[in-house]
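Student: My questions all concern the structure below.
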Amino acid sequence: MEIINDTTERKTGRRCQNGCNLDIAGIRTDFPILTRKINGHDLIYFDSAATTQKPQSVIDAITEYYSLHNANVHRGIHTLSDEATTAYENTRRKIAAFINCDYEEVIYTRNATEALNTIAFSYGRKNVKPGDRIVITQMEHHANHVPWLVLAKEIGAELVYIPIASDGYLDLSHIHDIIDRRTRIVSVTHMSNVLGTINPIAEIAALAHKVGAIMVVDGAQSVPHLPVNVQELDADFMAFSAHKMLGPTGLGVLYGKRELLQAMPPFEFGGEMIRKVTFEDVTWNDLPHKFEAGTPHIAGAYAFGAALDYLNTLGMTNIRAHEIELTRYTLEKLAELDFIKVFGPTDANHRGGAVTFNDVNIHPHDLSTFLDTRGIAVRAGHHCAQPLHRLLGTVATTRASFHVYNTKTEVDIFIEALKESQRYFGYA
Amino acid sequence: MHDELDQLYRDVIMEHYKFPRGNKDISDADLANMGQNPACGDEIEVKLKLDGDRVKKVSVSCLGCAISVASGSMLAEVIEGKTLAEVKQIARIVKALLKGEDIPADINVGELGDIEVLKGVRKFPVRIKCALLSWTTLVDAIDSFEAGKTTEIGVSTTDDGVSYHDHDHTHMGT
Numbered sequence: 001m002e003i004i005n006d007t008t009e010r011k012t013g014r015r016c017q018n019g020c021n022l023d024i025a026g027i028r029t030d031f032p033i034l035t036r037k038i039n040g041h042d043l044i045y046f047d048s049a050a051t052t053q054k055p056q057s058v059i060d061a062i063t064e065y066y067s068l069h070n071a072n073v074h075r076g077i078h079t080l081s082d083e084a085t086t087a088y089e090n091t092r093r094k095i096a097a098f099i100n101c102d103y104e105e106v107i108y109t110r111n112a113t114e115a116l117n118t119i120a121f122s123y124g125r126k127n128v129k130p131g132d133r134i135v136i137t138q139m140e141h142h143a144n145h146v147p148w149l150v151l152a153k154e155i156g157a158e159l160v161y162i163p164i165a166s167d168g169y170l171d172l173s174h175i176h177d178i179i180d181r182r183t184r185i186v187s188v189t190h191m192s193n194v195l196g197t198i199n200p201i202a203e204i205a206a207l208a209h210k211v212g213a214i215m216v217v218d219g220a221q222s223v224p225h226l227p228v229n230v231q232e233l234d235a236d237f238m239a240f241s242a243h244k245m246l247g248p249t250g251l252g253v254l255y256g257k258r259e260l261l262q263a264m265p266p267f268e269f270g271g272e273m274i275r276k277v278t279f280e281d282v283t284w285n286d287l288p289h290k291f292e293a294g295t296p297h298i299a300g301a302y303a304f305g306a307a308l309d310y311l312n313t314l315g316m317t318n319i320r321a322h323e324i325e326l327t328r329y330t331l332e333k334l335a336e337l338d339f340i341k342v343f344g345p346t347d348a349n350h351r352g353g354a355v356t357f358n359d360v361n362i363h364p365h366d367l368s369t370f371l372d373t374r375g376i377a378v379r380a381g382h383h384c385a386q387p388l389h390r391l392l393g394t395v396a397t398t399r400a401s402f403h404v405y406n407t408k409t410e411v412d413i414f415i416e417a418l419k420e421s422q423r424y425f426g427y428a
Numbered sequence: 429m430h431d432e433l434d435q436l437y438r439d440v441i442m443e444h445y446k447f448p449r450g451n452k453d454i455s456d457a458d459l460a461n462m463g464q465n466p467a468c469g470d471e472i473e474v475k476l477k478l479d480g481d482r483v484k485k486v487s488v489s490c491l492g493c494a495i496s497v498a499s500g501s502m503l504a505e506v507i508e509g510k511t512l513a514e515v516k517q518i519a520r521i522v523k524a525l526l527k528g529e530d531i532p533a534d535i536n537v538g539e540l541g542d543i544e545v546l547k548g549v550r551k552f553p554v555r556i557k558c559a560l561l562s563w564t565t566l567v568d569a570i571d572s573f574e575a576g577k578t579t580e581i582g583v584s585t586t587d588d589g590v591s592y593h594d595h596d597h598t599h600m601g602t
């Protein structure tokens with residue numbers, strides 16, 4: 001069942017142009033989409049914060065699963081069902097090892113959004129009372145904002161925001177007034193999908209725990225790019241998506257501390273999640289199955305296992321080092337362009353590889369269309385963070401975001417295209 | 429691709445973008461509406477001052493890309509002096525033009541200001557919403573007005589509100 005990766009030697013044998021321990025040129029050959037021409041140019045994929053590209057091993061795993069192992073899980077005693085179940089549960093073990101938790105603490109969801117909704121509507125409804133406080137930040141993605149907004153309105157609880165300072169970091173100067181005795185839940189993004197800011201989760205978790213609140217972490221942008229250890233963060237819950245970390249779409253993870261998950265009512269009901277049903281009553285299955293009603297995305301879990309193997313082979317520390325250098329280089333090059341304003345922290349060591357900026361002359365849509373004709377894929381819009389954009393004084397921005405397969409050469413081409421766009425639209 | 433890009437960003441479009449028409453606010457508008465593109469956050473406000481059922485003055489204020497601003501500017505230019513029925517007809521023509529649908533033979537698009545250049549947007553399907561934003565916002569405003577509603581500002585989205593073949597409105601959730 002293991003995905004054999006015979007390219008380990010090649011990937012770690014040579015050094016990349018950034019001085020990290022990865023052979024980026026070799027890694028790029030694992031991603032078939034990178035050979036595509038877009039509008040006559042080599043694809044430069046700078047939209048990994050939206051979703052990453054997939055290595056061949058992950059693509060093959062989808063085919064392999066359906067060609068060789070397809071059956072429903074936890075249902076049959078026949079060979080295929082056993083293989084499918086083993087594959088599905090093996091990936092759960094890999095996920096647990098990846099973030100350093102126990103196997104039972106890993107719940108499969110559709111995506112990070114569903115994981116966050118599950119916490120809000122299952123844990124939240126049970127534990128938040130009228131007059132209680134839920135604390136989030138001003139830099140949250142809608143997925144870690146709207147469920148809390150709806151919950152707070154429904155319960156009559158107060159939703160309070162940790163503000164952002166002008167340098168793109170959280171302003172923690174009044175944090176003791178914000179996370180007060182009434183607080184039940186603190187939910188913070190580990191890494192902002194707009195500003196790139198990496199937030200001090202362990203520090204905020206300590207404050208939350210001091211007042212008896214739980215700490216929820218939106219890991220959608222951090223888990224794919226950094227070594228993340230839920231024990232070190234002391235996170236009570238964490239959410240992330242497979243498709244942002246080289247895996248398939250349609251699969252996400254809800255991590256929760258065992259005792260919290262045990263006390264939490266199920267969010268959805270059906271097959272798989274029950275232990276015993278009579279005409280009168282029902283008892284829930286054990287963790288993690290209690291939260292996995294119905295037939296799950298088995299092929300997705302199988303392929304996600306291949307993605308985790310791939311990431312582990314490269315090493316998350318190496319991936320982070322590569323992205324720090326790429327981000328540092330990009331920020332430096334963008335700073336040389338007087339028509340570009342970059343948002344978020346300027347120190348690449350304290351931020352991820354999602355670089356959001358505005359062109360003072362050209363609207364993000366127009367810029368994005370222009371870059372697309374050069375084969376460069378960036379994201380234009382509000383990145384599902386409308387309140388943050390209001391705070392930044394704009395309705396839309398452009399974002400270039402990276403993963404391990406991106407290079408400084410691509411950044412150079414991108415920078416030249418930005419310069420060319422000024423000439424094209426008549427601003428230079 | 430460069431040719432197609434040139435068709436999208438024709439000089440006419442860029443000229444409208446840089447110097448949009450109808451950007452003077454109307455204080456005594458008879459109907460008004462706010463439009464939003466939920467996918468990107470672009471915002472537009474359209475206001476009309478009427479003389480009977482004719483458009484006397486138009487104001488369009490758009491926070492958006494070159495395509496949405498230019499389309500709104502063309503709207504302001506072309507609908508002044510037209511009846512509300514004519515305005516809705518023009519909106520249907522614009523949509524047909526953008527989607528590459530048939531336009532009735534008796535209509536001469538060339539007579540409708542600069543809107544013919546909007547057909548360059550066709551090659552960029554994701555940008556059609558940008559070009560439609562001002563028109564859907566306007567048609568929603570007229571429909572509300574005709575249904576006897578007040579000039580209260582509603583919020584429209586770019587979803588297909590002005591189909592040439594289908595007059596029904598469907599609002600995308602915001």
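Protein sequences, first through last, are from chains U and S. So for the first sequence, the working numbering puts the first residue at 1; every next one is plus one. So for the second sequence, the working numbering puts the first residue at 429; every next one is plus one. Here a beta-carbon is modelled for each residue, glycine too, at the ideal position from N, C-alpha and C. As the structure is a prediction and not an experimental result, all values here were calculated from the model.
For a test of the three-state rule: what should DSSP assign to residue 5 of chain U, helix, strand or coil?
Tutor: Per-residue confidence for residue 5 of chain U stands at a pLDDT of 41, beneath the threshold of 50, marking its modelled position as unreliable; no derived number is given.
Student: For the beta strand (DSSP E) holding residue 310 of chain U, just list the boundary residues, first then last.
Tutor: No beta strand (DSSP E) contains residue 310 of chain U, which is instead part of the alpha helix (DSSP H) from 298 to 314.
Student: Excluding the 5 residues preceding and the 5 following residue 443 of chain S in the sequence, name in chain order all residues of the same chain whose CB lies nearer than 7 Å to its CB.
Tutor: Hits under 7 Å: none found.
Student: Alpha carbon to alpha carbon, how far is residue 212 of chain U from residue 152 of chain U?
Tutor: Cα-Cα distance, rounded: 18 Å.
Student: Entirely within the segment 501 to 543 of chain S and at least 4 residues each: give me those alpha helix (DSSP H) ranges in chain order.
Tutor: Segments of the alpha helix (DSSP H) lying fully in the segment 501 to 543 of chain S: 512 to 527.
Student: Counting only C-beta atoms, is residue 97 of chain U closer than 8 Å to chain S at any point?
Tutor: Chain S, which has no Cβ nearer than 8 Å to the Cβ of residue 97 of chain U, makes this no.
Student: Using a Cβ cut-off of 8 Å, which residues of the segment 374 to 394 of chain U contact any Cβ in chain S, in chain order?
Tutor: Listed by position, the residues of the segment 374 to 394 of chain U near chain S (Cβ gap below 8 Å) are 380, 381, 382, 386, 389.
Student: Return helix, strand or coil for residue 170 of chain U, following the three-state DSSP convention.
Tutor: Strand.
Student: With a Cβ-Cβ cutoff of 8 Å, do residue 518 of chain S and residue 546 of chain S count as a contact?
Tutor: Taking 8 Å as the Cβ cut-off, residue 518 of chain S and residue 546 of chain S do not qualify as a contacting pair.
Student: Cβ of residue 218 of chain U within 8 Å of Cβ of residue 112 of chain U?
Tutor: Result yes, Cβ atoms of residue 218 of chain U and residue 112 of chain U sit closer than 8 Å.
Student: Please confirm if residue 396 of chain U has its CB atom under 8 Å from at least one CB of chain S.
Tutor: Yes - at least one Cβ of chain S is within 8 Å of the one on residue 396 of chain U.
Student: Counting along the chain, where does the beta strand (DSSP E) carrying residue 357 of chain U start and finish?
Tutor: Residue 357 of chain U -> beta strand (DSSP E) spans 354 to 359.
Student: How long is the line joining the alpha carbons of residue 407 of chain U and residue 45 of chain U, rounded to whole angstroms?
Tutor: Looking at the two C-alpha atoms, the distance is approximately 10 Å.
Student: Tell me whether residue 439 of chain S is buried or exposed, calling it buried when 16 or more other Cβ atoms sit within 10 Å of its Cβ.
Tutor: The residue in question, residue 439 of chain S, is exposed, as its Cβ has fewer than 16 Cβ neighbours within 10 Å.
Student: Return yes when the Cβ of residue 401 of chain U is within less than 8 Å of the Cβ of residue 47 of chain U, no when it is not.
Tutor: Result yes, Cβ atoms of residue 47 of chain U and residue 401 of chain U sit closer than 8 Å.
Student: Determine the chain U residues that contact residue 492 of chain S at a beta-carbon separation under 7 Å, and present them in chain order.
Tutor: 363, listed in chain order.
Student: In whole angstroms, what is the alpha-carbon distance linking residue 86 of chain U and residue 470 of chain S?
Tutor: Cα-Cα distance, rounded: 48 Å.
Student: DSSP three-state call for residue 588 of chain S: helix, strand or coil?
Tutor: Summary for residue 588 of chain S: the model assigns pLDDT 46, below 50, so the residue's position carries little reliability; its value from the coordinates is reported in the next sentence. Reduced to three states, the DSSP call for residue 588 of chain S is coil.
Student: I'd like the ranges of any beta strand (DSSP E) spanning at least 3 consecutive residues and lying wholly in the segment 227 to 264 of chain U.
Tutor: List check, beta strand (DSSP E) in window: 237 to 241, 252 to 256.
Student: What does residue 471 of chain S touch in chain U if you count any residue whose Cβ is under 9 Å from its own?
Tutor: Under the 9 Å cutoff, chain U gives 395.
Student: Are the CB atoms of residue 339 of chain U and residue 397 of chain U within a distance shorter than 8 Å?
Tutor: For residue 397 of chain U and residue 339 of chain U, no; Cβs fall outside 8 Å.
Student: What are the uninterrupted segments assigned as beta strand (DSSP E) that are 3 or more residues long and contained completely in the segment 365 to 428 of chain U, given in chain order?
Tutor: As far as the segment 365 to 428 of chain U is concerned, its whole beta strand (DSSP E) runs of at least 3 residues are 379 to 381, 397 to 401.
Student: Determine the closest residue to residue 381 of chain U out of U:375, U:373, U:366, U:374, with distance taken between C-alpha atoms.
Tutor: For the residues U:375, U:373, U:366, U:374, the minimum Cα distance to residue 381 of chain U belongs to U:366.
Student: Note down, in chain order, every chain U residue with its Cβ under 8 Å from the Cβ of residue 555 of chain S.
Tutor: Per Cβ cutoff of 8 Å: 365, 369.
Student: Against chain U, with Cβ distances strictly below 8 Å, would residue 436 of chain S count as a contact?
Tutor: Output row for residue 436 of chain S: interface = yes.
Student: Taking only runs of the alpha helix (DSSP H) that begin and end inside the segment 100 to 146 of chain U, which ones reach a length of at least 4 residues, in chain order?
Tutor: List check, alpha helix (DSSP H) in window: 112 to 118.
Student: Could you check the C-alpha separation between residue 131 of chain U and residue 157 of chain U for me, to the nearest Å?
Tutor: Each residue's alpha carbon lies about 5 Å from the other.
Student: Quick check: residue 354 of chain U and residue 399 of chain U, are their CB atoms within less than 8 Å of each other?
Tutor: Result yes, Cβ atoms of residue 354 of chain U and residue 399 of chain U sit closer than 8 Å.
Student: What whole-angstrom Cβ distance do residue 495 of chain S and residue 559 of chain S have, given they're in contact under 8 Å?
Tutor: Contact holds; Cβ gap of about 5 Å.
Student: Give the straight-line distance between the Cα atoms of residue 110 of chain U and residue 89 of chain U, rounded to the nearest whole angstrom.
Tutor: Taking the straight line from one Cα to the other gives about 16 Å.
Student: Could you name the residues of the segment 541 to 553 of chain S whose beta carbon sits closer than 7 Å to any beta carbon of chain U, in the order they occur along the chain?
Tutor: Of all residues in the segment 541 to 553 of chain S, 552 have a Cβ within less than 7 Å of some Cβ in chain U.
Student: Using the three-state DSSP reduction, which class does residue 220 of chain U fall into: helix, strand or coil?
Tutor: Three-state result, residue 220 of chain U: coil.
Student: Please report the distance separating the alpha-carbon of residue 176 of chain U from that of residue 51 of chain U.
Tutor: Rounded to the nearest angstrom, the two C-alpha atoms are 36 Å apart.
Student: Measuring only between beta-carbons, confirm whether residue 603 of chain S sits less than 8 Å from chain U.
Tutor: Since the first residue of chain S shown is 429 and the last is 602, residue 603 of chain S is not available in this structure.
Student: Indicate the three-state DSSP secondary structure (helix, strand or coil) for residue 468 of chain S in the structure shown.
Tutor: Coil, per DSSP.
Student: Determine, using beta-carbon pairs with one atom in the segment 311 to 329 of chain U and one in the segment 166 to 182 of chain U, whether at least three such pairs fall under 8 Å.
Tutor: Judged by Cβ distances under 8 Å, the segment 311 to 329 of chain U makes no contact with the segment 166 to 182 of chain U, as fewer than three pairs qualify.
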